[in-house]
Amino acid sequence: MVHHPFKAPCRRLWRISGLVPAMLLFASASQAQTIFQSGPEQVPLLELYTSQGCSSCPPADQWLSRLKEDPGLWKNIVPLAFHVDYWDYIGWQDPFAQPEFGQRQRHIAEQGGTRAVYTPGMMLNGKDWRGWTRGDVPQRYPGETGTLTMSLDGQQLVIHYAPAEPLANNLQVYVALLGFDVKSEVTAGENTGRELRSDFIVLKMVQMPLLRDDKTYSASLPALQPDHPMPRLAIAAWVADRSALAPLQAVGGWLESPAPVAAAGGM
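Just so we're aligned, residue 1 is where the sequence shown starts under this note's numbering, counting upward by one.
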């Protein structure tokens with residue numbers, strides 16, 4: 001059953017079980033520069049809006065998790081899982097839900113990307129997409145929109161975007177830290193008694209304007225850090241016009257650490 005929100009939720013924190021006792025560091029000062037680059041053809045951004053409190057969401061979560069093994073991951077598609085909080089009132093507070101994620105979904109609807117705000121909701125480049133129910137996997141778009149480069153050097157993240165054609169100086173970049181291989185024991189709500197497995201979880205997301213320098217656009221920001229232990233991490237970035245949420249280009253990749261550090265426990 002597709003879930004549509006109708007009541008404002010309350011929030012509180014719940015413990016997640018099944019996390020490995022280590023946290024992969026996003027970056028350290030000793031690490032060499034890491035570069036992620038998209039290429040000129042448009043890489044589609046796939047957004048799943050989901051909730052641990054929604055009994056209809058696990059099939060979509062499982063489909064998204066299979067993309068970890070897809071050979072086109074990061075090259076042909078950049079997936080994200082936004083956990084929304086508008087189902088928390090049913091009885092289970094999703095520990096990864098953030099109010100701004102539901103607000104982003106509502107903004108997409110206001111811009112005509114979807115007719116309804118619901119879970120599980122899949123958006124492909126800002127438009128409602130249900131190909132996942134047929135087992136389809138989006139591929140890189142044929143048109144060129146420009147090259148997006150993300151460089152991680154120590155604790156600093158630098159973004160460069162070289163569009164395929166001149167654009168107005170009103171671009172914005174979004175950067176998201178993603179968590180993987182998370183197991184959650186659900187003890188209330190529609191998924192009571194189930195162990196849910198989640199990937200591509202948006203743990204943090206920031207946005208900032210891109211500054212124009214001749215034919216390129218750039219931004220610099222501190223590297224994002226996870227607030228809680230995560231078995232595995234990745235990073236994603238995408239560029240969009242400030243007046244629209246549909247991305248022009250996206251890029252992403254795995255984050256690795258040669259020396260995991262011990263963590264005290266989960267959330």
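All C-beta atoms in this analysis are idealised placements derived from N, C-alpha and C, irrespective of residue type, glycine included.
Residue range of the alpha helix (DSSP H) that includes residue i
i      : result
Ser65  : Pro58 to Ser65
His107 : Pro99 to Glu110
Burial state of residue i (16 or more Cβ within 10 Å)
i      : result
Ala116 : exposed
Asp136 : exposed
Ala219 : buried
Ser184 : buried
Glu165 : exposed
Thr274 : This structure gives no information on residue 274, because the portion of the chain shown stretches from 1 to 267.
Pro163 : buried
Thr114 : buried
Asp88  : buried
Residues that DSSP places opposite residue i in a beta bridge
i      : result
Glu190 : Its beta-bridge partners do not exist; DSSP assigns none.
Pro163 : Gly146
Trp74  : The partner list for Trp74 (beta bridge, DSSP) is empty, contrary to what the question assumes.
Enclosing beta strand (DSSP E) for residue i [first to last residue]
i      : result
Arg130 : Careful: Arg130 lies outside any beta strand (DSSP E) and carries neither H nor E.
Ser198 : Glu195 to Ser198
Arg212 : Leu211 to Asp213
Gln172 : Leu171 to Phe180
Met123 : Gly121 to Leu124
Thr114 : Taken as a continuous stretch (DSSP letters only), Thr114 belongs to no beta strand (DSSP E), as it is neither H nor E.
beta-carbon residue i near the ligand SAM non-hydrogen atom, thresh 7 Å
i     : result
Glu41 : In the structure on display, the ligand SAM does not appear, and there are no ligands present to speak of.
Counting pairs of Cβ atoms below 8 Å between the segment 33 to 41 and the segment 167 to 180, do you hit three or more? Contact between the segment 33 to 41 and the segment 167 to 180 is absent, because fewer than three Cβ pairs lie under 8 Å.
Taking 8 Å as the cut-off, does the segment 237 to 252 touch the segment 73 to 88 (at least 3 CB pairs, one atom from each stretch)? Yes, the segment 73 to 88 is in contact with the segment 237 to 252.
Okay, do the segment 53 to 67 and the segment 86 to 105 touch, 3+ Cβ pairs below 8 Å being the bar? Between the segment 53 to 67 and the segment 86 to 105, the count of C-beta pairs closer than 8 Å reaches three or more; the two stretches touch.
Whether or not the segment 200 to 217 and the segment 155 to 175 are in contact is what I'm after, with contact meaning three or more pairs of Cβ atoms, one per stretch, closer than 8 Å; do they touch? Segment contact: the segment 155 to 175 against the segment 200 to 217, three or more CB-CB distances shorter than 8 Å; contact assigned.
Within the chosen definition, does the segment 231 to 250 reach the segment 117 to 127 through at least 3 CB pairs nearer than 8 Å? Flag = yes, the segment 231 to 250 and the segment 117 to 127 touch.
Are three or more beta carbon pairs between the segment 55 to 69 and the segment 191 to 205 nearer than 8 Å? With the cut-off at 8 Å, the segment 55 to 69 and the segment 191 to 205 touch.
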